[in-house]
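Engineer: Those letters in the sequence shown? Residues -21 to -1, 1 to 538, by mature numbering (1 follows the signal peptide of the UniProt record, and there is no 0).
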Amino acid sequence: MLRLRFAAALVALAVGGLASAADSPLSALSGSTDVLVRIKAPKTTVDKAASLVEAVQPGFGAMVRQNAVALGALISNPTLAGVDQSKDWYIAVSTKGQEEPSVVFGVPVTDVAAAQQALGDGMKSKAHGTWLYYSEDEAALPASATASTAIENAMKGEPATVFDKGDIAVYVNLAHLVEAYGDQITGGVEQIKQGLSQIPPQPGVDAAAMQKMYADLIDYAVQGVRDSVQCTIALNVGAEGITFEDFASFKAGSETSKLLGSQAASAMDLAGKMPADAVMIFGASGDTQRIINWGMEMTKTVSAQTPEAKKAMEDFVKGVQALKFGSMVGAMSLQQGDAGLFKNVVVMEVSDAQKYKDLARSMAKAMGKVETQGLKQETTIETDAESYGSAKADVVTVKQEFDETVDPTGAARQAQALMFGPDGIQSRVVYQKDRFITTVGGGKESMTNALKAVDSSTKSEAVTKFRKGLIDAPNVLFLVDVPGLIVQGMRVASAIPAVPLNINPAMLDSLKFEKSFMGFAAAAEKDAVRARTRIPVEQLRSLFSLVMTAQAMQQQQQN
């Protein structure tokens, strides 16, 4: 008897599992679906969105719940009549060549008749169990609750896992779209390349070489599209903020897959050791030598160089082949002062910084003076020119003079002086054992602060906190303090006479933001790329406060 009960229980579980799998549009919608959108349990998702709004501004969360019926417009049922808001909703889009794509809705219902009546005359519908499928294209409706070539078969593995995570999820069948629109993609690329010939000439730039560089970049991007299989995006919302996870996969053995396989990731711990006033922190890790080679080749081809400078660049490229590079981490902030608007810090890890120093110095010395149509450029280097404790810094200065024929109004000269200061584009470089630190803008103070931060034994609590939930060892990292960036920008703009902004510095001083960052990180995986984005509630709260302050400033001006 016990064994019979056990067997019966197994059968019940199996049947229940099959019923659960079949009781979803994933088993009914066609595998040729190009875009699939799911809204997970709308009632719960709306509550989560309301909790976020409430956390940003108390009292506003109730408004989100009160307007939840507006979701009906997304599924062509404005009143949500007969719709079950406790289960997931699906929207499937399938292309049809040059015709309008077909859109099929798969919605759970508690009252089939009421839901059908609310759709209007234009919609054709079919009910399968507790699901109602409807579309203006009757032929696109699923014939049964299960299909042998259903979309769930195409989404197996990691795409399905990521899709299931999202409060709102999107699956894009890129391989099918590329196949369907291959001719249009080819035609569009050709039009773009033809348009490159219309780019106006720039002083000191080889137009033909520049066009070739852009064309090559377009080819790389298009190759990535043609090699793609799918892209899945999962959005989640809650009182802590908003997060995205993206997962794109590529054909095994494709050129894109091979390129991704050569990109080494890094924890980028130095991101937590940037100057305290940084409003943007960035990092990259991968095939650094490929990037350096490409950058040097680009510089040689798109700008006029003396034979000595070209030879120095070639020697530099050859020299770095013997070096091993780690990650690159940097930061940016805006400032008021005579040293320009921008302060940038970059730290590059390299196996032998002294060898790199010799190569960089030789190249900088060889650059010298260059004169082309409309532009004169002079590069100078002062080796070991400044002391920072026991460290010495090279100072590299690039000065550019624009001819009146290419800059008749002097706008280019003024912009460059505004961004980098009257002394030209000046950078400082300190070489340590296995890395070098470069600063642009901010004068000696910028390098002093950079060295203090980089050599510190402590890390930024804000960076550590807001990197959580991102990829631990990415290939690309961005952290942006958007409210902080806006405030720094407003302070800088208020000091520029030509900018017509009446900004009250006292109001800006009254803003007390908790240091926070929006974050983005991406990493290459086997035949795939994964990315995560985090927008914390602290950033949204600060942005809301900033908007209120801006409105108060505007009202003050009007009065």
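Where a beta carbon is used, it is the ideal one built from N, C-alpha and C, also for glycine.
Quantities reported herein were computed from a predicted structural model and do not represent experimental measurements.
(1) Looking only at its chain, what residues have a beta carbon closer than 7 Å to the beta carbon of G203, apart from the 5 residues adjacent to it on each side?
(2) Between which two residues does the beta strand (DSSP E) containing L111 stretch?
(3) So Q467 packs on V258, CB below 8 Å; how close in whole Å?
(4) Please say whether G319 and F399 have beta carbons closer to each other than 7 Å?
(5) Look at the alpha carbon of A(-1) and the alpha carbon of T140, and state the distance between them as a whole number of angstroms.
(6) Bridge partners of D225, per DSSP?
(7) Are the CB atoms of G145 and A213 within a distance shorter than 7 Å?
(8) Where G(-6) and S123 are concerned, what is the direct C-alpha to C-alpha distance, given to the nearest angstrom?
(9) I need the DSSP call for Q36, collapsed to helix, strand or coil.
(10) From S233 to A503, what distance separates their C-alpha atoms?
(11) Taking all protein chains shown into account, decide if T58 is buried (16 or more other Cβ within 10 angstroms of its Cβ) or exposed.
(12) Could you tell me the alpha carbon to alpha carbon distance between residue 627 and K191, rounded to whole angstroms?
(13) Just the C-alpha distance for S369 and T359, rounded to the nearest angstrom, thanks.
(14) Report buried or exposed for T443, applying the criterion of at least 16 other Cβ atoms within 10 angstroms of its Cβ.
(15) What's the C-alpha gap between L153 and A200?
(16) Where K290 and A188 are concerned, what is the direct C-alpha to C-alpha distance, given to the nearest angstrom?
(17) For the region 290 to 361, list the beta strand (DSSP E) runs that are entirely contained and at least 3 residues long, ordered along the chain.
(18) Roughly how many angstroms lie between the CA atoms of A159 and T165, to the nearest whole one?
(19) Count the other CB atoms, across all protein chains shown, that sit within 10 Å of the CB of G220; report buried if there are 16 or more and exposed otherwise.
(20) Excluding the five sequence neighbours on either side, which residues of its own chain have a C-beta within less than 7 Å of the C-beta of V32, listed in chain order?
(21) Do the region 239 to 252 and the region 429 to 448 make contact, defined as three or more Cβ pairs closer than 8 Å?
(22) I need the DSSP call for D100, collapsed to helix, strand or coil.
(23) For A(-1), does the three-state DSSP call read helix, strand or coil?
(24) Below 7 Å between beta carbons: does that hold for P453 and A500?
(25) List the whole-angstrom C-beta distance separating S207 from F229, where the pair is believed to meet the contact cut-off of C-beta under 8 Å.
(26) Considering Cα atoms alone, identify which of S73, S30 and V83 is closest to I54.
(27) Measure the CB-CB distance between T512 and F223 and report whether it falls below 7 Å.
(28) Does DSSP put F492 in a helix, in a strand, or in coil?
(29) So does the region 383 to 397 actually touch the region 417 to 435, counting three or more Cβ pairs closer than 8 Å?
(30) When you compare only the Cα positions, how much space is there between Y150 and R509?
(31) With 7 Å as the threshold, decide whether the Cβ of N454 is near any Cβ in chain B.
(32) Relative to the alpha-carbon of S114, which residue among E293, G347, I171 and Q95 has its alpha-carbon at the smallest distance?
(33) I need the straight-line Cα distance from Q533 to T388, nearest angstrom please.
(34) In the DSSP output, which residue or residues are listed as bridge partners for D373?
(35) Along the alpha helix (DSSP H) that carries L464, what are the first and last residues, could you check?
Structural biologist: Short version:
(1) Within the sequence shown, the letter at position 224 stands for residue 203. Counting only Cβ-Cβ distances below 7 Å, and skipping sequence neighbours, we find T235.
(2) The residue labelled residue 111 in the question sits at position 132 within the sequence shown. Its beta strand (DSSP E) spans residues W110 to S114.
(3) Translated into positions along the sequence shown, residue 467 becomes position 488. Translated into positions along the sequence shown, residue 258 becomes position 279. So it is a contact: roughly 6 Å between Cβ atoms.
(4) As a working mapping, residue 399 is identified with position 420 in the sequence shown. As a working mapping, residue 319 is identified with position 340 in the sequence shown. It is a contact, given that the beta carbons lie within the stated cut-off.
(5) Within the sequence shown, the letter at position 21 stands for residue -1. Within the sequence shown, the letter at position 161 stands for residue 140. Confidence in A(-1) is poor, its pLDDT being 42 and thus under 50, which makes the residue's placement unreliable; the coordinate value appears in the next sentence. The straight-line gap from Cα to Cα measures roughly 15 Å.
(6) Position 246 of the sequence shown holds residue 225. Answer is I212 and A510, bridged to D225.
(7) Here the question's residue 213 lines up with position 234 in the sequence shown. Here the question's residue 145 lines up with position 166 in the sequence shown. It is a contact, given that the beta carbons lie within the stated cut-off.
(8) As a working mapping, residue -6 is identified with position 16 in the sequence shown. As a working mapping, residue 123 is identified with position 144 in the sequence shown. Here the model assigns G(-6) a pLDDT of 38, short of 50, so the residue's position is not dependable and the matter cannot be decided.
(9) If you number the sequence shown from 1, residue 36 lands on position 57. Q36 falls in the coil class under three-state DSSP.
(10) Here residue 233 is taken as the residue at index 254 of the sequence shown, counted from 1. Here residue 503 is taken as the residue at index 524 of the sequence shown, counted from 1. Straight-line Cα distance between these residues: approximately 14 Å.
(11) Walking along the sequence shown from the start, residue 58 turns up at place 79. T58 should be labelled exposed.
(12) A query on residue 627 cannot be resolved here, the shown segment of the chain reaching from -21 to 538 and no further.
(13) Numbered from its first residue, the sequence shown carries residue 369 at position 390. Numbered from its first residue, the sequence shown carries residue 359 at position 380. Rounded to whole angstroms, S369 to T359 spans 24 Å at the Cα level.
(14) On the sequence shown, position 464 is the one that residue 443 refers to. Label assigned to T443: exposed.
(15) Counting from one through the sequence shown, the residue named residue 153 turns up at place 174. Counting from one through the sequence shown, the residue named residue 200 turns up at place 221. One C-alpha to the other measures close to 14 Å.
(16) Taking the sequence shown and counting its residues from 1, one reaches residue 290 at position 311. Taking the sequence shown and counting its residues from 1, one reaches residue 188 at position 209. About 19 Å.
(17) 304 to 313, 321 to 329 and 348 to 351
(18) The residue you call residue 159 lines up with position 180 of the sequence shown. The residue you call residue 165 lines up with position 186 of the sequence shown. The alpha-carbon atoms of A159 and T165 are separated by roughly 12 Å.
(19) As a working mapping, residue 220 is identified with position 241 in the sequence shown. When all chains shown are included, G220 counts as buried.
(20) Position 53 of the sequence shown, counted from the start, is the residue given in the question as residue 32. These residues qualify, in order along the chain: F39, G40 and V43.
(21) yes
(22) On the sequence shown, residue 100 is found 121 positions in, with the first residue counted as 1. In this structure, D100 counts as coil in the three-state DSSP scheme.
(23) Here the question's residue -1 lines up with position 21 in the sequence shown. Summary for A(-1): the model assigns pLDDT 42, below 50, so the residue's position carries little reliability; its value from the coordinates is reported in the next sentence. Here A(-1) sits in helix by DSSP.
(24) One-based indexing of the sequence shown puts residue 453 at position 474. One-based indexing of the sequence shown puts residue 500 at position 521. Contact: yes.
(25) Numbered from its first residue, the sequence shown carries residue 207 at position 228. Numbered from its first residue, the sequence shown carries residue 229 at position 250. The Cβ separation is near 6 Å, so the contact holds.
(26) As a working note, residue 54 is residue 75 in the sequence shown. The shortest C-alpha separation from I54 is found at V83.
(27) Position 533 of the sequence shown holds residue 512. Position 244 of the sequence shown holds residue 223. Against a cut-off of 7 Å, the Cβ pair of F223 and T512 comes out as a contact.
(28) Counting from 1 along the sequence shown, the entry for residue 492 is found at position 513. Coil.
(29) no
(30) To locate residue 150, count along the sequence shown from 1; it is residue 171. To locate residue 509, count along the sequence shown from 1; it is residue 530. Going from the Cα of Y150 to the Cα of R509 covers about 14 Å.
(31) Protein chain content of the structure displayed is limited to a single chain, and chain B is not contained in it.
(32) Numbered from its first residue, the sequence shown carries residue 114 at position 135. If we check each option's Cα against that of S114, Q95 comes out closest.
(33) Counted from its first residue, the sequence shown places residue 533 at position 554. Counted from its first residue, the sequence shown places residue 388 at position 409. Each residue's alpha carbon lies about 32 Å from the other.
(34) Working through the sequence shown from its first residue, we reach residue 373 at position 394. Paired residue(s): V408.
(35) Here the question's residue 464 lines up with position 485 in the sequence shown. V461 to S473 is the span of the alpha helix (DSSP H), which, as asked, contains L464.
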